[in-house]
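Novice:
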Amino acid sequence: MLLTKRSGDIIRVLIRFPQDKPITTAIISDELHISSRSIQRELPTVEKWLTAKGFRFVRKRSVGLFLDEPDDRRRELLTLLDATGTDIPSADDRHNRQRQLLHALLFAREPVKSLTFMDQFGISEGTLTSDLNQIEKWFDKYHLRLVRRQGLGIFLTGSETARRQAVTSHLKDQKAIPEAEISESITDSVAQIVSDGARTLHLNLSDNGYLRLNMYLSYSVCRIRQGEYITAEEAAFEDLTMEPEFAVAEYLMQKLRQTFRLPIIESETRYLAIFLTGIRIWSAEQRDLTSKRDFDVHQITLALIQNVSEILDIDFGSDPQLARELGMHIQPAIGRIRAGIPIENPLLEDIQNRYDEIYQACTAGCISLSASYGLPSFPPSEVGFISIYFSMALDRRAKLARRISVIIVCPTGIGSSRLLAENLHKAYPDLDIRGTTSAFHIEPEELAQNDIDLIISTVRLDTTYRYIYVSPLLNRQDRMLLDSKFQLILSQKSDRRPHAEKKVPETSFTRKDIHFVSRTGAEIEYLLDHIRIGRAPVLQERHEILAYAASLFSDTPEMESHFYEILKKRDQIADTYMKPFHALLLHGKSPDIMHPCFGYVHLEPPIYENARIILGAIVTFIPENDPDQVSAPIVSEIIGSLMEQPELLKALREDDDERFTLLLETSLMKFYKETAADRLKLSAQDK
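Below you can see the structure in the form of structure tokens.
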């Protein structure tokens, strides 16, 4: 191994002091004008070098350091030092070493000990530290963190996308892929796939782009084989799925999967599409075709459904599953046809024979769609796949004639209804749950017009409409009653003649829809800005909890008394204890508020009631006068999110207001997006 200049200077000091006069690191520090800590870092190198050369170096605690050698051996050592080079490299040598160090860390599968690098490069700990400080700046550019942890070693942390970007850049600078890291069989196969793909898809890759793509894909194959995948969060760019780059990414990933037997990972395809947008894969003449356009996949999907519905005179617009599943196919299909990428459809001939009428309608619908949106023509293979979605929708329509439609009722339309809906969906997946409503707002005529077969209620009702009373927990006895009721309804439905097909209305947003979506967004924003979380003093009785909960949203004693009476009345109708939350669900309607409200009461210590622990109380109010009926769904969504997202409930219980609000905002934004999409889809049915 080579010796550092500093280590050599330390040995020269040791030579001057005889073995009967040990010296300390402080003496060496004074001699060389460097810190004792630096001396300590160099001593392992000194000891290792001297031992390798056959000299006895002694370190004794509380005694000191000395060379246990006679004078003639000391002279030999001095001569050896004069003849021995040190590891003070030129700038080029240092750069090469740091590049090798960087390479080793990028491809390391586990932490590497400092001694491993020191032995590999023949350097001291101080030199290694200096090198790591230098390459750390390079890692920072790619959002990778260089970690040096005593007892564990040196390693990198960061996202999978950051690591792949860093490795691709590093390999591009190397101008070659080392076979020790990526086998030649992988690089050769990837190069063939890229070359064939560029020729088949008419890609225009520069030399630099070709090199980067080869290196990225080769390294990606290795990482996927190692079980290291890009996560959905890292590749969350849904807008790219209609872009031609996404279609190219699908093509390349399909070839890689076939060649290397890789699993199907959608997030890998999404991120490859992002990578392709950065290396310019199209010529100037192709850019007009492939340039990004403001396509709305939902609107395109609805337009195609509208076209096919009019041709076949069947109302496909009332099938939300068709809109959702067809939209997921349309999104990448647009990217493929814009890029001119063919897709194989081995079922095409069978589809044309078995579903000829649907296939012809879809062909005509796609022609109209292309003309309306300036898209290239849909090839028969794509039309065949689209036809499958419409044929499945027809099958669902046949089953719908035997499907039971229900509406859920609870005292105020929120709260326990969400729990009951979840349990009903688990027990009866095919049940058509149309929504929830308050026990005070049941309109039999409206229910009949909407073909509601049964009301399922958490409280007893005074109504002539057919209903059944069950517990929100849906126990075994409740399910037996429901089974009997459902059999009776199905028997009666089988005797009825099916309804005539309705003429398909036009699907477009109305001012009413815009107002509804706008109100929903405004109420969500208001609620998020006015969340009230309180830590109650020591309480012992339920009425004390109600009183404290009423005070959360009260500015005056009169308002507090008003809220208390509402909560008390609701609590008397049915037990408000929710076992999944270990909390009371206090809710009601008030004529004196204009916006939905949400709050939480922490109980410390908790209250024990009838062998149940009450950790807190969830408090919600909605306006009694809500003509657009936007408040109840928002509050119901919050209750559902608390049930479905343990992290949300955990943040609420731990009094982490900031995290709770952030998580709730994410849930409500998703709810808002779905509400807007559903309103657009359902607006046709409102006319």
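Taken in order, the sequence shown gives residues 23 to 709; the numbers are from the working numbering.
Quick reminder that beta carbons are idealized off the backbone N, C-alpha and C, glycines included.
Predicted, not measured: the structure shown is a model, and the values here were computed from it.
1. Does Thr73 come out as helix, strand or coil in the three-state DSSP assignment?
2. Pull up the distance between the alpha-carbon of Asp284 and that of Val539, whole angstroms please.
3. May I ask you to verify whether the region 425-432 touches the region 469-486, counting CB pairs closer than 8 angstroms and requiring at least 3?
4. Can you tell me the Cα-Cα spacing of Leu223 and Val270, whole angstroms?
5. Taking the continuous alpha helix (DSSP H) assigned at Arg488, which residues delimit it?
6. Since Ile215 and Tyr241 are thought to touch, with beta carbons under 8 angstroms apart, how far apart are those beta carbons, to the nearest angstrom?
7. Let me know the alpha helix (DSSP H) ranges lying completely inside the region 204-244, each 4 residues or longer, listed in chain order.
8. Comparing C-alpha positions only, which one of Ser340, Val641, Leu233, Arg279 sits nearest to Leu608?
9. Which whole-angstrom value is the C-beta distance of Glu687 and Leu550, which I expect to be below 8 angstroms?
10. Go ahead and pull the three-state DSSP assignment for Phe462.
11. Under the three-state reduction of DSSP, which class applies to Val80: helix, strand or coil?
12. Could you give the distance in angstroms between the alpha-carbon of Leu174 and the alpha-carbon of Leu294?
13. Is the Cβ-Cβ distance between Ser658 and Ser460 less than 8 angstroms?
14. Going along the chain, which residues of its own chain have a beta-carbon closer than 8 angstroms to the beta-carbon of Glu91, five neighbours each way excluded?
15. Given that a residue counts as buried once 16 or more other Cβ atoms are within 10 Å of its Cβ, and exposed if not, what is Gln196?
16. For Gly621, write down the residues that DSSP places opposite it in a beta bridge.
17. Are the CB atoms of Val623 and Ala633 within a distance shorter than 8 angstroms?
18. Thinking Val212 and Asn230 are a contact (beta carbons under 8 angstroms), I'd like their distance in whole angstroms, please.
19. So, helix, strand or coil for His609, using DSSP?
20. How far does the beta strand (DSSP E) with Arg171 in it reach, from first residue to last?
21. Please report the residue range of the alpha helix (DSSP H) in which Ile478 lies.
22. Could you compute how far the alpha carbon of Ser146 sits from the alpha carbon of Ile176?
23. Only counting runs of 3 or more residues, tell me where the beta strand (DSSP E) segments fall wholly within the region 384-417, in order along the chain.
24. Contact defined as beta carbons within less than 8 angstroms: I believe Leu496 pairs with Ala449. What is the distance between those atoms, to the nearest angstrom?
25. Since Gly662 is in the alpha helix (DSSP H), which residue starts that stretch and which ends it?
26. With Asp614 and His565 assumed to form a contact (beta carbons below 8 angstroms), what rounded beta-carbon distance in angstroms separates them?
27. Between Lys534 and Val652, what straight-line distance do the alpha-carbon atoms span, to the nearest angstrom?
28. Compare the C-alpha of Ser289 against each of Ala254, Glu379, Ile303 and name the closest.
29. When the Cα atoms are used, what is the spatial distance from Arg121 to Thr26?
30. Expressed to the nearest angstrom, what Euclidean distance is found between the alpha-carbon atoms of Leu311 and Ala325?
31. Give me the Cα-Cα distance between Arg28 and Val189, rounded to the nearest whole angstrom.
32. Mind reading off the beta-carbon distance from Ala355 to Glu404? Whole number of angstroms is fine, and I expect it under 8 angstroms.
33. So the candidates are Pro451, Leu674, Ala673, Ile656; which of them puts its Cα closest to the Cα of Ala698?
34. What is the DSSP secondary structure of Arg315, reduced to helix, strand or coil?
35. Could you tell me how far apart the beta carbons of Ala673 and Leu664 are, in whole angstroms, since I believe they sit closer than 8 angstroms?
36. Less than 8 angstroms between C-beta atoms, sequence neighbours within five positions excluded: which residues of the same chain meet that for Leu391?
Specialist: Looking at the coordinates:
1. Here the question's residue 73 lines up with position 51 in the sequence shown. Secondary structure at Thr73: helix, using DSSP grouped into helix, strand and coil.
2. Here residue 284 corresponds to residue number 262 of the sequence shown, with the count starting at 1. Here residue 539 corresponds to residue number 517 of the sequence shown, with the count starting at 1. The sequence given here has Leu at residue 284, not Asp. Annotation: Leu284 to Val539 spans about 43 angstroms, alpha carbon to alpha carbon.
3. Under the three-pair Cβ rule at 8 angstroms, the region 425-432 counts as touching the region 469-486.
4. In the sequence shown, counting from the first residue as 1, residue 223 sits at position 201. In the sequence shown, counting from the first residue as 1, residue 270 sits at position 248. If you draw a straight line from the Cα of Leu223 to the Cα of Val270, it is about 8 angstroms long.
5. Here residue 488 refers to the residue found at position 466 of the sequence shown. Bounds of any alpha helix (DSSP H) do not take in Arg488, whose DSSP letter is neither H nor E.
6. For the purposes of this step, residue 215 is taken as residue 193 along the sequence shown, with counting starting at 1. For the purposes of this step, residue 241 is taken as residue 219 along the sequence shown, with counting starting at 1. Between Ile215 and Tyr241 a beta carbon distance of about 14 angstroms is seen, past the 8 angstroms cut, so the two are scored as non-contacting.
7. Taking only runs of at least 4 residues, the alpha helix (DSSP H) segments lying wholly in the region 204-244 are 206-222.
8. As a working mapping, residue 608 is identified with position 586 in the sequence shown. From the listed residues Ser340, Val641, Leu233, Arg279, the smallest Cα separation to Leu608 is found for Val641.
9. As a working mapping, residue 687 is identified with position 665 in the sequence shown. As a working mapping, residue 550 is identified with position 528 in the sequence shown. In this structure Glu687 is in contact with Leu550, their Cβ atoms being roughly 6 angstroms apart against a cut-off of 8 angstroms.
10. The residue you call residue 462 lines up with position 440 of the sequence shown. When DSSP states are grouped into helix, strand and coil, Phe462 belongs to the coil group.
11. The residue given as residue 80 occupies position 58 in the sequence shown. Correct three-state label for Val80: strand.
12. Stepping through the sequence shown from its first residue, residue 174 is reached at position 152. Stepping through the sequence shown from its first residue, residue 294 is reached at position 272. Cα to Cα, the separation comes out at about 34 angstroms.
13. In the sequence shown, the residue the question calls residue 658 occupies position 636. In the sequence shown, the residue the question calls residue 460 occupies position 438. Not a contact, by the Cβ cut-off of 8 angstroms.
14. Residue mapping note: residue 91 aligns to position 69 of the sequence shown, counting from 1. Excluding residues within five positions, the ones whose Cβ falls inside 8 angstroms are Gln41, Phe77, Arg78, Leu99.
15. Within the sequence shown, the letter at position 174 stands for residue 196. Gln196 should be labelled exposed.
16. Counting from one through the sequence shown, the residue named residue 621 turns up at place 599. Under DSSP, Gly621 takes part in a beta bridge, and its partners are Arg554, Val641.
17. Position 611 of the sequence shown, counted from the first residue, corresponds to residue 633. Position 601 of the sequence shown, counted from the first residue, corresponds to residue 623. No, they are not a contact pair.
18. Counting from 1 along the sequence shown, the entry for residue 212 is found at position 190. Counting from 1 along the sequence shown, the entry for residue 230 is found at position 208. No, Val212 and Asn230 are not in contact; Cβ-Cβ is about 17 angstroms, not under 8 angstroms.
19. If you number the sequence shown from 1, residue 609 lands on position 587. Three-state DSSP puts His609 in a strand.
20. Here residue 171 corresponds to residue number 149 of the sequence shown, with the count starting at 1. Where Arg171 is concerned, the enclosing beta strand (DSSP E) stretches over 167-171.
21. Residue 478 sits at position 456 when you count from the first residue of the sequence shown. Element bounds for Ile478: not the alpha helix (DSSP H) but the beta strand (DSSP E), 476-479.
22. Position 124 of the sequence shown, counted from the first residue, corresponds to residue 146. Position 154 of the sequence shown, counted from the first residue, corresponds to residue 176. Each residue's alpha carbon lies about 16 angstroms from the other.
23. Segments of the beta strand (DSSP E) lying fully in the region 384-417: there are none.
24. Reading the sequence shown from its first residue, position 474 is the one you call residue 496. Reading the sequence shown from its first residue, position 427 is the one you call residue 449. At roughly 6 angstroms, the Cβ-Cβ gap stays under 8 angstroms, so Leu496 and Ala449 are in contact.
25. Mapped onto the sequence shown, residue 662 falls at position 640. Counting along the chain, the alpha helix (DSSP H) containing Gly662 begins and ends at 653-666.
26. The residue given as residue 614 occupies position 592 in the sequence shown. The residue given as residue 565 occupies position 543 in the sequence shown. Taking C-beta atoms under 8 angstroms as the contact rule, Asp614 and His565 fail to qualify, at a distance of about 21 angstroms.
27. In the sequence shown, counting from the first residue as 1, residue 534 sits at position 512. In the sequence shown, counting from the first residue as 1, residue 652 sits at position 630. Each residue's Cα considered, the two are about 13 angstroms apart.
28. As a position in the sequence shown, residue 289 is number 267, starting the count at 1. That would be Ala254, whose Cα lies nearest to the Cα of Ser289.
29. Position 99 of the sequence shown, counted from the start, is the residue given in the question as residue 121. Position 4 of the sequence shown, counted from the start, is the residue given in the question as residue 26. Computed Cα separation, rounded: 20 angstroms.
30. In the sequence shown, residue 311 corresponds to position 289, counting from 1. In the sequence shown, residue 325 corresponds to position 303, counting from 1. Confidence is the limiting factor: at Leu311 the pLDDT is only 44, short of 50, which leaves the residue's position unreliable, though a coordinate-based value still follows. About 22 angstroms.
31. Translated into the one-based positions of the sequence shown, residue 28 becomes position 6. Translated into the one-based positions of the sequence shown, residue 189 becomes position 167. Near 35 angstroms, if we compare the C-alpha coordinates of Val189 and Arg28.
32. Within the sequence shown, numbered from 1, the residue matching residue 355 stands at position 333. Within the sequence shown, numbered from 1, the residue matching residue 404 stands at position 382. Rounded, the Cβ-Cβ distance is 5 angstroms, consistent with contact.
33. Sequence index remark: in the sequence shown, residue 698 carries index 676 (1-based). Ranking the options by Cα distance to Ala698, first place goes to Ile656.
34. Your numbering for residue 315 matches position 293 in the sequence shown. Reliability fails at Arg315, whose pLDDT of 47 lies under 50, so the model's placement of it is uncertain and the value that follows must be treated cautiously. Reduced to three states, the DSSP call for Arg315 is coil.
35. Your numbering for residue 673 matches position 651 in the sequence shown. Your numbering for residue 664 matches position 642 in the sequence shown. Their Cβ separation, rounded to whole angstroms, is 10 angstroms, which puts Ala673 and Leu664 out of contact at 8 angstroms.
36. Residue mapping note: residue 391 aligns to position 369 of the sequence shown, counting from 1. Ile322, Ala325, Leu326, Asn329, Leu397, Phe400, listed in sequence order.
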